[in-house]
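What follows is a short report on a single structure.
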Amino acid sequence: MKDWDMICVNRDLLVCSLCKLQPDSHNHLFFECKFSVEVWEKAKFIAIPCIRNKWKEIIQMLNPAAKRKVVRIIVAKVLFAATNSEKDDDVDRKVTIGVCVMEKKVKCGPEVFSAPMGQILERLQAFGEFKIIHFGDRVILEEPVERWPICDCLIAFHSSGYPLEKAEAYAALRKPFLVNELELQHLLHDRRKVYECLELYGIPVPRYALVNREKPYQELDYFVEEEDFVEVHGERFWKPFVEKPIDGDDHRIMIYYPSSAGGGMKELFRKVGNRSSEFHPEVRRVRRESSYIYEDFLPTGGTDVKVYTVGPEYAHAEARKSPVVDGVVMRNPDGKEVRYPVLLTPNEKQMAREVCIAFRQGVCGFDLLRCEGRSYVCDVNGWSFVKNSYKYYDDAACVLRKMFLDAKAPHLSTAIPPILPWKVNEPAQPCEGLTRQGSGIIGSFGQAEELRCVIAVVRHGDRTPKQKVKLKVTEEKLLNLMLKYNGGRPRAETKLKTAVQLQDLLDATRILVPDTSDSEAEYIEHAEKLRQVKAVLEEGGHFSGIYRKVQLKPLKWAKVVKGDTEEERPTEALMVLKYGGVLTHAGRKQAEELGRYFRNNMYPGEGTGLLRLHSTYRHDLKIYSSDEGRVQMSAAAFAKGLLDLEGQLTPILVSLVSKDSSMLDGLDNASTKMEEAKDRLNELIVSGEKLVQANGSSKKPWMIDGAGIPPNASILLPELVKLTKKVTEQVRLLAKDEDEKLTETTSCDVIPPYDQAKALGKTNIDVDRIAAGLPCGSEGFLLMYARWRKLERDLYNERKERYDITQIPDVYDSCKYDLLHNAHLNIEGLDELFKVAQLLADGVIPNEYGINPKQKLKIGSKIARRLLGKILIDLRNTREEAINVQCQDSTTSIEVLKEYRDRQQKNVIKNEESRKTCHAREPSMDPDSDEDKEIKYRLDPKYANVRTPERHVRTRLYFTSESHIHSLMNVLRYCNLDESLQGEASLVCDSALERLMKTKELDYMSHIVLRMFENTEVNLEDPKRYRIEMTFSRGADLSPLKKNNNVEACSLHQEHTLPIMGPERLQEVGSYLTLEKMEKMIRPFAMPAEDFPPPTIPQGFSGYFKSAGVLERLGDRNCSMVQCN
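Each residue of the sequence shown is one higher than the one before, counting from 141 in the working numbering.
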């Protein structure tokens, strides 16, 4: 009988002759058949009453007593002998495995040699214990189940066109052992039932809610949609959130993004070519044509995990690039999607077991989301195999073999043979370890050094000038609007940020903007500001709260009679509109280019070395950003260049960038000290006071008060005011022409000329606007004039004859912006104003953060305290990870490691005692003490074809504003001036200190980089084991702004983008800064680890480099099943 598809035998001869239900076998006849089992049980009761129905146990019981002359033993031997010949026949019979699936799911043969099902079935057959029967599509679809082949074990699972109910009828008729239960496979087609089942078994799922519709577009009372959230049964889901159809076979899943990130929607779908998702920036409303699940979007660091179970005791996990990032599928040279095996935590392994049991699917795949130290199941797929892993095929075949033999041939041994009966020459993949250092920035320290950590603190890219409009309003419409959004509280402040709120304000402002015929100066100024507010709100096509926000603060109140009672109502309020500071096309381009530079230069080795590290999950990447929109978008653009991503920034921002305003925003408690510095700075500039050398040192010019202030600053100030007025007047004439054109149309007919949200997707200038003679970007002449007019007024108070030096950086900022982006407007005097403003700004900006080195250190330590603490934790965690890797090396004794840790702890205590102003104990050395919320992916060394899967590079990127860059740099260069560190040399060499003093401005995309290397040839206890390399970049190079007739200037005018300066050393060539020295110098100014938020590690998680719970390779021939350490 060659194939069961050939109907040439009477199938009734193959079933039990008594019950006519199951295949005839020795096991069935004695232990299972409902007729013969009664005879067997009575005979067994006489001879061997206390034994289970397991042939192995029966034989083990009889062997020792075979020669005894006891009546019971003799009866047992006769009974066993009577069945022996029949048993021998049964032992020789192979277990039949029926493969009842659609033919497209069973690909085997040389043309598709790597197809998982074919690979595993071939291995099962190679054991010699099984006979594989392929039912085939014709039998499955056309034959009645009574004529289907009879088998002991059945592999059956649903796919497109598969008759699941028919397979259920066959299983009920023949009762084979089922790898995957058939009835519960119906659940997998309804996402609602999948989540219900997961919750029933206590398996974590994302927070979700159901919206059930009986017909398309049915309106539901319990479902509410607003600009940035949906509400289901009173439960609110803020964007970003996920929308899933309840139909499990519908793979069109949507992610909706908040307006603060630019808005839009990303559609996920099954892979089509190299695409797995598409971003639609114009889609902001959810679907209504069916029933959906809404759930929280969980940021996973741009990585998804797919888990594959083979029985409840075996789980294999692979990670891949998430489709939510850019939708481009990473493929290897063979066209297969790039995935790498990763280790599961003990909790995740338990989740895999529970999923397998809950759905009664022996072979099952499910999707795992890792977010902030916790894991969630977001989808269960049913039958799934790993692709292109010969090791997995071996393991799966061994596990399935044991399952089949336990179910149908328990008398056979399930031990894995020492040599597997098949031989497959697995193609060797390139085996890569970490590339060695040799970037050339500092110099070579030998090939034994390996890069361990990259920490970068980066300023945002080029932006539009930050603006603010203040006006007092008494109009009823505006006061009512304030009450509408503050809950009707007359004395409460109101903040308007959402699209609905800003649209209401725009509608009111359009009505209130008066004609310009009124001649009263005060009224004209008020009308001018209202027009400015209207112009700002109309800018962009739609609202994005990340760039515009309005505050309404009540100033005056009055009692108003309403019916029989009096109530208080506001009569005047202060309106404050903040706008601008938007990342320009040039800023995005700068950030992307810097990301590409990091990819190719900060990670030693080949240009693709970082991408190889990242794709194999040996690159532990985390990106942090402040709350400001320009900083967030700079971080997203940098990530795009660093990881070679495609598409728009919004999905990248939401997927990869974490906001941490407490670490990267604000001035903390440094405001008072900064005000003192500004007051002293004002005295030095306005009075022309001669600068005094501190400590009598003329060799270190950076030690004087107000270093960098030009000696003729008091003379330059009047010149600055005169040139500012000249520029403002020219812009006023341009604005007047624009205003006259606008008055020819009604207020409500004004069409916004520029879509700011769409501009975020561009890296090139808007050529049409430039050709039309309009300002670059979203700013019109009216707003441009308002910007210069405000600078003119604030810079010098003519009535009081007083200069405000805090406006100097803003004047310089506006000059630089217009020279870069609006040179085509040919504003006379702008070049000259830029030169004067730059001279003054070079003295003002650095000294705002401290008038001398000691004050700079105090202010810097206050602003960057939390950031410094996090950097120290990053370095310590990297060291601890390397130590734990070393623990796995048998050549390193536990005593040596313990001695090293004890010495480190003693150094910590000693350093703490030496500090005079100590107020917190030393942070824990536990590598999981801070990184608890960070997602960690670790290669599974059993499956990853990588030479050093345990070696990792940690990258931490912190995007922030100018204040934090200056503060961090001031601490690094002046930390040795602290009383607790007297006698210590600075972390920054004298030549670098001199360069920094001359640098003055840390411009857009300026950055400070710390790289830590490990010398594996040095003893673990040697301080030189870990070396720190420090570099910095001044950011944007301003020199093209000063050149009018060269190639650089022409390129600048075409692209509006300044190049980024390369890195500069902060240490002498050949110097050696150890991690121990770095910690000692920075610790007094850093926030202790215990002051950071408490950990949220799920119970049972013990870290990736501790021995608990790691699945051993099934190929360990000493084990008969998968075990845990």
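Beta carbons: idealized from backbone N, C-alpha and C, even for Gly.
Straight-line Cα distance separating I280 from L313: 15 Å
Figure out for me which residue from V867, K1002 and L873 has the closest Cα to the Cα of E968. V867
Return the first residue and the last residue of the beta strand (DSSP E) that Q607 is part of. K606 to V613
On the three-state DSSP scale, how would you describe K813? helix
Can you tell me which of the three DSSP states H420 falls into? strand
Y362: which of K355, A349, S176 and P356 sits nearest, CA to CA? A349
Where the alpha helix (DSSP H) through F778 begins and ends: G769 to L782
Which of the three DSSP states, helix, strand or coil, is assigned to Y743? coil
Could you please give me the residues that DSSP links to S1173 through a beta bridge? H1147
With 16 as the cutoff for other CB atoms within 10 Å, does R424 come out buried or exposed? buried
Limits of the unbroken alpha helix (DSSP H) element including S1131: D1130 to T1139
Could you spell out the range, first to last residue, of the beta strand (DSSP E) harbouring I237? V235 to V239
Should C337 and T440 be called a contact, given that it needs their Cβ atoms to be closer than 8 Å? no
R758 (DSSP reduced to helix, strand or coil): coil
Using the C-alpha atoms, what's the distance from Q978 back to L821? 16 Å
Beta-carbon separation (whole angstroms), R592 vs E1204, contact threshold 8 Å: With a Cβ gap of about 23 Å, R592 and E1204 do not count as contacting.
Ordered along the chain, which non-local residues of its own chain (more than five positions away) have a Cβ less than 6 Å from that of L509? L438, T440, Y516 and C518
When you compare only the Cα positions, how much space is there between C156 and C173? 8 Å
Please check the pair V319 and V503, which I expect to be a contact at CB under 8 Å, by giving their CB distance rounded to whole angstroms. 6 Å
Suppose you measure from the CA of A1176 to the CA of D602; what does that come to, to the nearest Å? 9 Å
E243 to E269, Cα distance in whole Å? 24 Å
Do you know how far the Cα of R770 is from the Cα of L965? 25 Å
Under 8 Å: do the segment 1129 to 1138 and the segment 623 to 641 share three or more Cβ pairs, one atom per stretch? no
Extract the residue ranges of the alpha helix (DSSP H) inside the segment 960 to 996, only unbroken runs of 4 or more that lie entirely within it. 970 to 987
Residue interval of the alpha helix (DSSP H) (run including H274): That residue, H274, is in no alpha helix (DSSP H); its beta strand (DSSP E) goes F270 to H274.
In three-state terms, what does DSSP make of Q1026? helix
Taking the alpha helix (DSSP H) that R929 falls in, what are its first and last residues? F921 to L935
Shortest alpha-carbon distance to H1092 belongs to which of T614, M1152, V445 and E1102? M1152
Check whether the Cβ atoms of G735 and K799 lie closer than 8 Å to each other. no
How many whole angstroms separate the CB atoms of K689 and K635, which I take to be in contact at a CB cut-off of 8 Å? 6 Å
Just checking, does the segment 444 to 460 make contact with the segment 409 to 428 on the three C-beta pairs under 8 Å criterion? no
Helix, strand or coil at P344 [DSSP, three-state]: coil
Please determine, among K696, V907 and R428, the residue with the shortest C-alpha to C-alpha distance to M394. R428
Here's the rule: buried if 16 or more other CB atoms are within 10 angstroms of the residue's CB, otherwise exposed. What is G846? buried
Identify whether L560 lies in helix, strand or coil by the three-state DSSP scheme. coil
Quick check on the DSSP output: what are the complete alpha helix (DSSP H) runs of length 4 or more inside the segment 258 to 346, in order along the chain? 276 to 282, 304 to 314 and 331 to 340
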